[in-house]
């Protein structure tokens, strides 16, 4: 299926760099807020994660991040170069839904 024929996923992505020890906490937190975002670790060594967010929940996800900023230090970053074996993120990037 060509990119033009492929339906858009509508997924927003936010890439964050944070302390390695905070990755599990952020993942657990977003799992508790079901349907807001799915968190994937992009690079465990560099402690980079991506939040895959439905557009309707973008403001909720940002509010959660604003709230945890008091206890979790993170930096929002541009999408890093992705390894070729990460099929999901490659699909999102080809779809134009990535950053």
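In this note's numbering, the protein residues as written are 2 to 100. Note that beta-carbon positions come from the ideal geometry of N, C-alpha and C, so glycine has one too.
message: Could you compute how far the alpha carbon of residue 80 sits from the alpha carbon of residue 16?
response: 6 Å
query: From residue 98 to residue 51, what does the alpha carbon distance come to, in whole angstroms?
result: Legend: pLDDT at residue 98 = 47, less than 50; position of this residue unreliable, value from coordinates given subsequently. Spanning the two alpha carbons is a distance of roughly 13 Å.
query: Residues in its own chain within less than 6 Å of residue 76 by CB, not counting five upstream and five downstream?
result: 18
- prompt: Considering only residues of the same chain and omitting the five flanking positions on each side of residue 21, which have a CB-CB separation below 6 Å?
  reply: 48
- request: Output the distance between the C-alpha atoms of residue 33 and residue 39, rounded to the nearest integer angstrom.
  value: Straight-line Cα distance between these residues: approximately 11 Å.
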